[in-house]
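K.L.:
Going line by line, the protein sequences match chains A and B. Mapping of the first sequence onto this note's numbering: position 191 corresponds to residue 191, and the numbering continues sequentially without gaps. Basically this note's numbering = 1-based index in the second sequence + 253. Yeah, the Cβ is synthetic: ideal placement off N, Cα and C, and Gly gets one too. Predicted model only: the values in this text are computed from it and were never measured.
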Amino acid sequence: MSQLEIKNLHVSIADKEIVKGLSLTIKGGEVHAIMGPNGTGKSTLSKAIAGHPDYTITSGEVLLDGVSILEKEADERARAGIFLAFQYPSEIPGVSIANFLRAALQARLADGEEIDASGYYKRLYAKMDLLKIDRKFTSRAVNDGFSGGEKKRCEILQMAMLEPKVALMDETDSGLDIDALRIVADGVNTMRSPELGVLLITHYQRLLDYIVPDYVHVMYDGRIVKSGDKTLAHELEAKGYDWIKKELANAKA
Amino acid sequence: MKPPTETDLLPDSAEAAAVENPAVGIDQSAGNFSYNMEYAFDAGTGLSEDTIRYISSVKKEAPWILEFRLKALKKFLSMPMPTHWATKDLENIDFQKIRYYLSQGQKPKRTWDEVPDDIKKTFERLGIPEQERKFLAGVEAQFDSEAAYSNIKEIVSKQGVIFVNSTEGLREHPELFKKFFGKVIPTGDNKFSALNSAVFSGGSFIYVPPGVKVAQPLQAYFRINAENFGQFERTLIIADEGSEVVYMEGCTAPKFSTSTLHSAVVELVALKGAKIQYITVQNWANNVFNLVTKRGIAHEDAEIKWIDCNIGSRLTMKYPGVVLKGERARGEVISIALANDGQHQDTGAKMIHAANNTTSNIVAKSISVGQGRSTYRGVVHIPKHLKGCKNNTECDALLINTNSRTDTYPAISVRGDKNSTQHEASVSKVSEDMIFYMQQRGLTEGQAMSLAVNGFINDLARQFPMEYSVELKRLIDLEMEGSVG
Chain A
1 MSQLEIKNLH
11 VSIADKEIVK
21 GLSLTIKGGE
31 VHAIMGPNGT
41 GKSTLSKAIA
51 GHPDYTITSG
61 EVLLDGVSIL
71 EKEADERARA
81 GIFLAFQYPS
91 EIPGVSIANF
101 LRAALQARLA
111 DGEEIDASGY
121 YKRLYAKMDL
131 LKIDRKFTSR
141 AVNDGFSGGE
151 KKRCEILQMA
161 MLEPKVALMD
171 ETDSGLDIDA
181 LRIVADGVNT
191 MRSPELGVLL
201 ITHYQRLLDY
211 IVPDYVHVMY
221 DGRIVKSGDK
231 TLAHELEAKG
241 YDWIKKELAN
251 AKA
Chain B
254 MKPPTETDLL
264 PDSAEAAAVE
274 NPAVGIDQSA
284 GNFSYNMEYA
294 FDAGTGLSED
304 TIRYISSVKK
314 EAPWILEFRL
324 KALKKFLSMP
334 MPTHWATKDL
344 ENIDFQKIRY
354 YLSQGQKPKR
364 TWDEVPDDIK
374 KTFERLGIPE
384 QERKFLAGVE
394 AQFDSEAAYS
404 NIKEIVSKQG
414 VIFVNSTEGL
424 REHPELFKKF
434 FGKVIPTGDN
444 KFSALNSAVF
454 SGGSFIYVPP
464 GVKVAQPLQA
474 YFRINAENFG
484 QFERTLIIAD
494 EGSEVVYMEG
504 CTAPKFSTST
514 LHSAVVELVA
524 LKGAKIQYIT
534 VQNWANNVFN
544 LVTKRGIAHE
554 DAEIKWIDCN
564 IGSRLTMKYP
574 GVVLKGERAR
584 GEVISIALAN
594 DGQHQDTGAK
604 MIHAANNTTS
614 NIVAKSISVG
624 QGRSTYRGVV
634 HIPKHLKGCK
644 NNTECDALLI
654 NTNSRTDTYP
664 AISVRGDKNS
674 TQHEASVSKV
684 SEDMIFYMQQ
694 RGLTEGQAMS
704 LAVNGFINDL
714 ARQFPMEYSV
724 ELKRLIDLEM
734 EGSVG
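1. Extract the residue ranges of the alpha helix (DSSP H) inside the stretch 277-349 of chain B, only unbroken runs of 4 or more that lie entirely within it.
2. Taking buried to mean at least 16 other C-beta atoms within 10 Å of its own C-beta, is Gln675/B buried or exposed?
3. Between Lys578/B, Ala650/B, Tyr690/B, Pro636/B, which lies nearest to Gly669/B when the distance is taken from Cα to Cα?
4. Kindly indicate which residue of Val225/A, Phe100/A, Asp129/A has the alpha-carbon position closest to the one of Ala701/B.
5. With a threshold of 8 Å between beta-carbons, can Ala126/A be considered close to chain B, or not?
6. Under 8 Å Cβ to Cβ from Lys245/A, same chain only, skipping five residues before and after it: list those, please.
7. Please list the terminal residues of the continuous alpha helix (DSSP H) segment that includes Tyr210/A.
8. With a threshold of 8 Å between beta-carbons, can Arg206/A be considered close to chain B, or not?
9. At 9 Å on the CB atoms, spell out the chain A contacts of Leu731/B, in chain order.
10. Would you give the residue range spanned by the alpha helix (DSSP H) that Gly149/A belongs to?
11. Where does Met1/A sit, in a helix, a strand or coil, going by DSSP?
12. Between Arg223/A and the rest of its own chain, which residues show a CB-CB distance below 7 Å, the 5 nearest in sequence each way excluded?
13. Hey, Thr172/A and Lys151/A: beta-carbon distance below 8 Å or not?
14. Can you pull out the residues from the stretch 90-118 of chain A whose beta carbon lies closer than 9 Å to at least one beta carbon of chain B?
15. Would you say Asn404/B faces chain A, with C-beta separation under 8 Å as the test?
16. Residues of chain A with a CB under 7 Å from the CB of Ala705/B: which are they?
17. Can you say whether Pro507/B is buried or exposed, counting buried as having 16 or more other CB atoms within 10 angstroms of its CB?
18. So, using beta-carbon positions, are His32/A and Asp214/A closer together than 8 Å?
19. In three-state DSSP terms, what is Tyr241/A?
20. Can you have a look at Phe348/B and say buried or exposed, based on whether 16 or more other CB atoms are within 10 angstroms of its CB?
21. Can you confirm whether Gln158/A, when its beta carbon is compared against all beta carbons of chain B, has any partner nearer than 8 Å?
22. Whole angstroms are fine: how far does the CA of Ala538/B sit from the CA of Ser510/B?
23. Determine the DSSP secondary structure at Phe83/A, reduced to helix, strand or coil.
24. Check Pro275/B in the structure and name its three-state DSSP category.
25. Shortest alpha-carbon distance to Leu577/B belongs to which of Ala551/B, Ala592/B, Gln596/B, Val586/B?
26. Which residues in chain B have a C-beta closer than 7 Å to the C-beta of Phe137/A? List them in chain order.
27. In terms of alpha-carbon separation, which member of Gly708/B, Cys504/B, Phe329/B, Ser613/B lies closest to Ala447/B?
28. Check each candidate in Pro93/A, Tyr241/A, Asp54/A and name the one with the smallest Cα separation from Met35/A.
29. Closest Cβ-Cβ distance between Arg79/A and chain B: below 8 Å?
30. Under 8 Å between C-beta atoms, does Ala74/A make it to chain B?
31. Verify the CB distance criterion: does Thr655/B have a CB-CB separation below 8 Å to chain A?
32. Any idea if Arg322/B is buried or exposed, counting beta-carbon neighbours within 10 angstroms, 16 or more meaning buried?
33. List the residues of chain B that Tyr84/A touches, going by C-beta distances under 7 Å, in chain order.
34. Give me the Cα-Cα distance between Leu343/B and Ser566/B, rounded to the nearest whole angstrom.
35. What's the gap between the Cα of Asp229/A and the Cα of His217/A?
36. Across the stretch 423-430 of chain B and the stretch 401-411 of chain B, are there enough close Cβ pairs to call them in contact, namely three or more that are closer than 8 Å?
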């Protein structure tokens, strides 16, 4: 069983501190949701863990199965088992989803090892069937001209094929109508297993009706200020974030 | 500037080159090797009338050819370097330091077993005999000035198809040759077509009889082996009425520290209803000046398609063209250029509409890596008196690094109101976000770059024969490996 440990993490973008001492442990099989108002550092957290070059980790530690990943390049982190489902996935014109995934899997093999094409397609089609994705989908260029829902479905398919240890899902629900949201949530639920830890970053409670989390954390001003179970999400939905802000202000005073 | 120190004066050449030009250090292709040859025929270094008389005499040419060559030399010497519009780098070519003719003999062998060992080894390393067995109707393999091997499958020769090198073509089919030779590209078309006309040697001569459709491609492979050498092949392809032929050429040279000149002239004639497809995948070493003139004449209902892929070389200047001479003739140029550090790909297309209802299509994609520079130049000409002519021009440039450069110079002149043209151009950059996205899926930065570039040209690469699109992808992967870090 895998484990991602985030210890007292501080992250800056262009000398501005965004994440200010965040600690969290995600074990295989667990789904953690991080909620919070805009601009509190939720997306920064996920991109910093994934190794985006614009984000500087100034202190703290991120360990995957006890091994620090912070010295690794983004691609090494990915191959080690970190998957980031992007809020705004990039378009890659001219590269089909099938070829892209094949290249991604090929990159995980040792030098000189060649991916078995027929085995690959068999597995790809099995995953697509599981996620109820049309066969024609993978011949399209990655995210090129995709609707919001198609982009997110493409992320979920990649996640299913790459079988990460930890999935960081950044605002996966943004821009989705209710049908698309259900499809994406079904996909994640299908993949839930003791082998996979999930960090769901979301602004709204809505997604958590479909992907029920084991833990809910509230992030505010670069830190986790409150943790609880799924009922915390309902409380936030009913009361809004102002309630948290007030509680914090009172605690400080 | 600091004064030179001892270490500066004693550079480790490989290391120095790696700093100056990161692309130099990578294995550009399997083409970077050479053999020390003893040449039986050598015109020496430098260019004069004597050089030309030597070339003509060893080829035992008819007097009119010598005449043609000498006139061309005069033309060449009288013409200025086209630096008023083209790069000043042309001035770095020293015509007196080049060797104009090197060969082992003028008669190519018909079987690989007869080809001298080192030359045979060269082409085996480049995979030519294997490709010939697998998917080609005929092969000509030129080593420096002359074809070392030239053969055509019996099934094709029985149809009356002629596929020989130009030296043999001139000797054995003078009437046919003379009728079309120099008619598509006159000697004085440009300074380098004049040079080629003076010193040409090798290249293919192809004649396809009326109605014959050559099922498999014919291929020529041009190999430069010698240092300080100039390769000046001359290719003439005549597709008679209703015939069809696909011709492919590949080119490589080893990497020398001195510059090498490759200056070919290629003339295509597609008679009524004929189709010619001409595919080039060049991968010159980055010391090669590649200055080539390519043009075809398409008669009534004929079609000429150039697929032109330029990777490598120091400077390439090449603008394949089609003169649309007969009604309903079609011309097409599909062009891919990749300019890496220290390279300038100055490429494009020319479409000259000279009859009603003719159509032309230009799709050009260029990729600039590091300090590489790519330039698109296009000419489309539709005169006023014509009607029903159509042109479509698309040129897209992809920049990999912030210091990469691209320029576009389209010149489209469409006169009269019974013709139409459309032109689209785009410049895009491989964004950091795109690379991060791909890296997040486990691809290294180099693999991500490669994939982005292959994606950019994917719609064009699909038009290539399979073997060539695989080769193209491999070459791009090699180029992109050195582009990061």
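P.N.:
In brief:
1. Within the stretch 277-349 of chain B, the complete alpha helix (DSSP H) runs of at least 4 residues are 302-311, 316-331.
2. Within the second sequence, numbered from 1, the residue matching residue 675/B stands at position 422. Burial call: exposed.
3. In the second sequence, the residue the question calls residue 669/B occupies position 416. Cα-wise, what sits closest to Gly669/B is Pro636/B.
4. Here residue 701/B refers to the residue found at position 448 of the second sequence. Of the candidates Val225/A, Phe100/A, Asp129/A, the one whose C-alpha sits nearest the C-alpha of Ala701/B is Phe100/A.
5. As a first step, residue 126/A must be located in the first sequence, where it is residue number 126. Answer no: the Cβ-Cβ gap between Ala126/A and chain B never drops below 8 Å.
6. Position 245 of the first sequence holds residue 245/A. Around Lys245/A: Tyr220.
7. Counting from one through the first sequence, the residue named residue 210/A turns up at place 210. Unbroken alpha helix (DSSP H) run through Tyr210/A: 206-210.
8. Here the question's residue 206/A lines up with position 206 in the first sequence. By this cut-off, Arg206/A is not an interface position.
9. Taking the first residue of the second sequence as position 1, residue 731/B is located at position 478. What Leu731/B touches in chain A: nothing, since even the nearest Cβ is about 15 Å away.
10. Translated into positions along the first sequence, residue 149/A becomes position 149. 148-162 is the extent of the alpha helix (DSSP H) around Gly149/A.
11. Here residue 1/A refers to the residue found at position 1 when the first sequence is read from its first residue. Looking at Met1/A - three-state DSSP - the assignment turns out to be coil, as it is neither helix nor strand.
12. Here residue 223/A corresponds to residue number 223 of the first sequence, with the count starting at 1. Closer than 7 Å at the Cβ level, and outside the excluded window around Arg223/A, lie Lys20, Gly21, Leu22.
13. Translated into the one-based positions of the first sequence, residue 172/A becomes position 172. Translated into the one-based positions of the first sequence, residue 151/A becomes position 151. Taking C-beta atoms as the reference points, Thr172/A and Lys151/A fail to come closer than 8 Å.
14. Hits within the stretch, in order: Ser90, Glu91, Ile92, Pro93, Gly94, Val95, Ser96, Asn99, Phe100, Leu101, Ala103, Ala104, Leu105, Gln106, Ala107, Arg108.
15. Working through the second sequence from its first residue, we reach residue 404/B at position 151. Not flagged as an interface residue toward chain A: Asn404/B, since no C-beta distance is shorter than 8 Å.
16. On the second sequence, residue 705/B is found 452 positions in, with the first residue counted as 1. Those within 7 Å of Ala705/B in chain A are Ile92.
17. Indexing the second sequence from 1 puts residue 507/B at position 254. Classification for Pro507/B: buried.
18. Along the first sequence, one-based indexing puts residue 32/A at 32. Along the first sequence, one-based indexing puts residue 214/A at 214. Inclusion of His32/A and Asp214/A in the CB contact set at 8 Å is warranted, their separation being smaller than that value.
19. The residue labelled residue 241/A in the question sits at position 241 within the first sequence. Coil.
20. Position 95 of the second sequence, counted from the start, is the residue given in the question as residue 348/B. With fewer than 16 neighbouring CB atoms inside 10 Å of its own CB, Phe348/B falls in the exposed class.
21. As a working mapping, residue 158/A is identified with position 158 in the first sequence. Yes, Gln158/A lies at the interface with chain B (some Cβ there is under 8 Å from its Cβ).
22. Here residue 510/B refers to the residue found at position 257 of the second sequence. Here residue 538/B refers to the residue found at position 285 of the second sequence. Put simply, the backbone Cα of Ser510/B is about 10 Å away from that of Ala538/B.
23. By 1-based counting over the first sequence, the position of residue 83/A is 83. Strand at Phe83/A.
24. For the purposes of this step, residue 275/B is identified with residue 22 of the second sequence, where counting begins at 1. Unreliable positioning characterises Pro275/B in this predicted model, as indicated by a pLDDT of 31, which lies under 50. A coordinate reading is not provided.
25. As a first step, residue 577/B is located in the second sequence; it is residue number 324 there, counting from the start. If we check each option's Cα against that of Leu577/B, Ala551/B comes out closest.
26. Within the first sequence, residue 137/A is the residue found at index 137, counting from 1. Within chain B, no residue comes near Phe137/A; the closest Cβ sits about 17 Å away, beyond 7 Å.
27. Translated into the one-based positions of the second sequence, residue 447/B becomes position 194. Nearest C-alpha to Ala447/B: Phe329/B.
28. Numbered from its first residue, the first sequence carries residue 35/A at position 35. For Met35/A, the nearest C-alpha among the options comes from Tyr241/A.
29. Numbered from 1 along the first sequence, position 79 holds the residue referred to as residue 79/A. Using a Cβ-Cβ cut-off of 8 Å, Arg79/A counts as an interface residue toward chain B, since at least one Cβ of chain B sits closer than that to its own.
30. As a working mapping, residue 74/A is identified with position 74 in the first sequence. Interface flag for Ala74/A against chain B is set, since a Cβ pair is found closer than 8 Å.
31. On the second sequence, residue 655/B is found 402 positions in, with the first residue counted as 1. Chain A contact via Cβ: absent.
32. For the purposes of this step, residue 322/B is taken as residue 69 along the second sequence, with counting starting at 1. Arg322/B is buried by the Cβ-count criterion.
33. Stepping through the first sequence from its first residue, residue 84/A is reached at position 84. It should be pointed out that residue 84/A corresponds to Leu in this sequence rather than to Tyr. Residues of chain B passing the Cβ test: Gln693.
34. The count along the second sequence starts at 1 and reaches residue 343/B at position 90. The count along the second sequence starts at 1 and reaches residue 566/B at position 313. Going from the Cα of Leu343/B to the Cα of Ser566/B covers about 13 Å.
35. Translated into positions along the first sequence, residue 229/A becomes position 229. Translated into positions along the first sequence, residue 217/A becomes position 217. If you take the alpha carbons of Asp229/A and His217/A, they lie about 8 Å apart.
36. Flag = no, the stretch 423-430 of chain B and the stretch 401-411 of chain B do not touch.
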